Ligand code: ZN
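In our numbering, the protein residues as written are 1 to 241.
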């Protein structure tokens with residue numbers, strides 16, 4: 001089976017459209033969505049609809065959760081909180097119910113899927129480096145754990161000698177290794193590359209590939225601003241910051 005991995009789309013329809021065009025060319029067997037479908041971007045309803053149509057193996061993100069439950073936004077910064085409140089007012093009951101149906105984690109053959117961290121998904125911990133992942137490998141049994149949340153691509157291989165960060169873009173799984181993989185964010189990359197980030201997981205060959213798709217960041221920014229969302233949410237799309 002070959003899966004397209006999507007994470008942190010954040011209501012960015014322009015980015016998702018570009019990614020799905022590239023993804024279709026790769027003819028995947030299915031899609032995995034690692035949460036934060038909404039929040040920040042100006043098209044939450046359209047994005048939820050398109051994601052639902054993919055029938056993905058999907059998990060809940062912290063922004064999805066905050067749209068459902070106001071108290072969850074308590075720890076967010078001002079812009080994120082404004083984005084969540086705006087989103088709450090701009091999605092249908094049907095989309096809300098879809099977000100509500102998403103679990104915190106899912107298992108799929110040899111893969112564990114979670115938005116933030118495998119050990120305590122509900123605490124929304126950021127795994128930003130190989131060192132930070134060490135204690136989390138004990139929290140799943142599968143060979144591979146897919147995460148999102150940080151909006152920065154990261155591939156960590158754990159062997160008996162400890163963790164190491166692999167640079168990609170293509171990495172083959174070896175029997176001596178277990179992996180925690182973040183393919184980055186579709187709708188709000190934060191690694192200095194404004195192109196939409198996604199991934200291809202090939203379970204037949206045991207390989208993951210980090211991919212990028214160029215899209216019209218200026219158009220996504222314009223719509224964020226005209227929707228009345230904080231301008232910084234649009235500005236950061238231009239340089240992937
Ligand atoms: Zn996110």
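Heads up, the beta-carbon is just placed ideally off N, CA and C, and yes, glycines get one too.
Only a predicted model underlies this, so the values are computations on that prediction, with no experimental measurement involved.
Can residue 115 and residue 34 be called in contact, C-beta distance under 8 Å? yes
Do you know offhand how far residue 189's Cα is from residue 175's? 31 Å
Looking only at C-alpha atoms, which of 92, 15 and 157 sits nearest to residue 217? 15
Determine contact between the segment 40-59 and the segment 1-11, defined as no fewer than three beta-carbon pairs at a distance below 8 Å. yes
What separation, rounded to the nearest whole angstrom, lies between the Cα atoms of residue 128 and residue 73? 22 Å
Rounded to whole angstroms, what is the Cα-Cα separation between residue 145 and residue 206? 13 Å
Option nearest residue 246 by Cα separation, candidates 12, 43 and 199: Outside the shown range of the chain (1 to 241) lies residue 246, about which nothing can therefore be said.
Just list the residues that DSSP pairs residue 165 with in beta bridges. 156
For the ligand ZN, residues whose Cβ lies under 5 Å from any non-hydrogen atom: 8 and 36
Taking just the CA atoms, how far does residue 120 sit from residue 186? 24 Å
What's the gap between the Cα of residue 270 and the Cα of residue 208? In the structure as shown, the chain starts at 1 and stops at 241, and residue 270 therefore has no counterpart that could be examined.
Looking at the unbroken alpha helix (DSSP H) that takes in residue 195, where does it start and where does it end? No alpha helix (DSSP H) contains residue 195, which DSSP labels as neither H nor E.
Tell me whether residue 210 sits in a helix, a strand or coil according to DSSP, three-state version. strand
Through-space distance from residue 117 to residue 148, alpha-carbon basis: 9 Å
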